[in-house]
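Each remark here refers to the structure printed beneath this line.
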Amino acid sequence: MEQDQKQAVIQKIQELRGLRIFSVLTDRDIFEVMKRSDIISVPEGSTVFTEGDEDQALYVIIKGEFEVTARSPVSGELIRFSCAGQGLVFGEMAFLDRQPRSATITATEDSEVFGFTREDYEDLLAASPATAARFMMGVAEILSRRLRGVDQRIKHST
Numbered sequence: 001m002e003q004d005q006k007q008a009v010i011q012k013i014q015e016l017r018g019l020r021i022f023s024v025l026t027d028r029d030i031f032e033v034m035k036r037s038d039i040i041s042v043p044e045g046s047t048v049f050t051e052g053d054e055d056q057a058l059y060v061i062i063k064g065e066f067e068v069t070a071r072s073p074v075s076g077e078l079i080r081f082s083c084a085g086q087g088l089v090f091g092e093m094a095f096l097d098r099q100p101r102s103a104t105i106t107a108t109e110d111s112e113v114f115g116f117t118r119e120d121y122e123d124l125l126a127a128s129p130a131t132a133a134r135f136m137m138g139v140a141e142i143l144s145r146r147l148r149g150v151d152q153r154i155k156h157s158t
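Residues 1 to 158 (our numbering) make up the sequence shown, in order.
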């Protein structure tokens with residue numbers, strides 16, 4: 001690897017290290033995950049995935065803002081959420097349970113995401129089980145925080 005490439009990899013590792021999902025990983029772990037993933041530029045107005053899609057990738061926002069929309073199963077009404085902020089993860093449900101997407105994700109400004117497919121994870125698991133376990137702990141921590149947030153909203157709404 002040339003010096004410029006090494007420097008770019010080191011810089012990307014440092015950038016990713018600041019994101020919650022990567023906080024439990026070593027630099028070597030992050031490098032192993034990076035080798036199997038993609039950094040994707042998402043232009044404003046572009047859709048990352050659509051409700052009902054079958055793909056199973058997990059995404060981490062590196063920069064930018066996204067809108068999350070889903071149809072109410074009761075009224076059919078479009079429900080809009082804002083999904084903004086560096087480090088926010090989306091797509092984790094399909095990544096874990098292999099079910100169709102539950103929402104549509106659209107960039108509201110030029111953005112960049114880290115994309116990691118289920119196949120990428122399975123490759124990582126075969127090559128480095130300890131790294132894969134630590135990565136999954138990062139996913140579990142994010143899901144736990146979200147579930148606690150929902151729990152708090154339910155408690156405060158009654």
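Cβ atoms here follow ideal geometry from the backbone N, Cα and C, with glycine treated the same way.
Assigned exposure category for residue i - 16 Cβ within 10 Å defines buried
i: residue 89; result: buried
i: residue 111; result: buried
i: residue 135; result: buried
i: residue 114; result: buried
i: residue 37; result: buried
i: residue 138; result: buried
i: residue 5; result: exposed
i: residue 147; result: exposed
i: residue 91; result: buried
i: residue 74; result: exposed
i: residue 8; result: exposed
For residue i, the nearest candidate out of the options (CA to CA)
i: residue 17; options: 5, 31, 7, 6; result: 31
i: residue 94; options: 147, 86, 50, 134; result: 50
i: residue 107; options: 14, 23, 42; result: 42
i: residue 87; options: 77, 19, 46; result: 19
i: residue 118; options: 72, 59, 156; result: 59
i: residue 81; options: 70, 91, 23; result: 70
Any chain E beta carbon closer than 8 angstroms to residue i
i: residue 98; result: No chain E appears in this structure, which consists of one protein chain only.
Under 8 angstroms between C-beta atoms of residue i and residue j
i: residue 62; j: residue 85; result: no
i: residue 151; j: residue 101; result: no
Residue i CB to nearest heavy atom of the ligand FAD below 7 angstroms
i: residue 122; result: By its list of ligands, the structure shown contains no ligand whatsoever, and the ligand FAD lies outside what it can speak to.
Start-end ranges of the alpha helix (DSSP H) lying completely within the stretch 44 to 92, minimum 4 residues: Runs found: none.
Segment contact, 8 angstroms Cβ cut-off, at least three pairs: the stretch 92 to 106 with the stretch 22 to 31: No: fewer than three Cβ pairs fall under 8 angstroms.
Touching by the beta-carbon criterion (3+ pairs, under 8 angstroms), the stretch 60 to 72 and the stretch 123 to 140: Flag = no, the stretch 60 to 72 and the stretch 123 to 140 do not touch.
Runs of beta strand (DSSP E) lying entirely within the stretch 2 to 42, each at least 3 residues, in chain order: Complete beta strand (DSSP E) runs here, min 3: 38 to 42.
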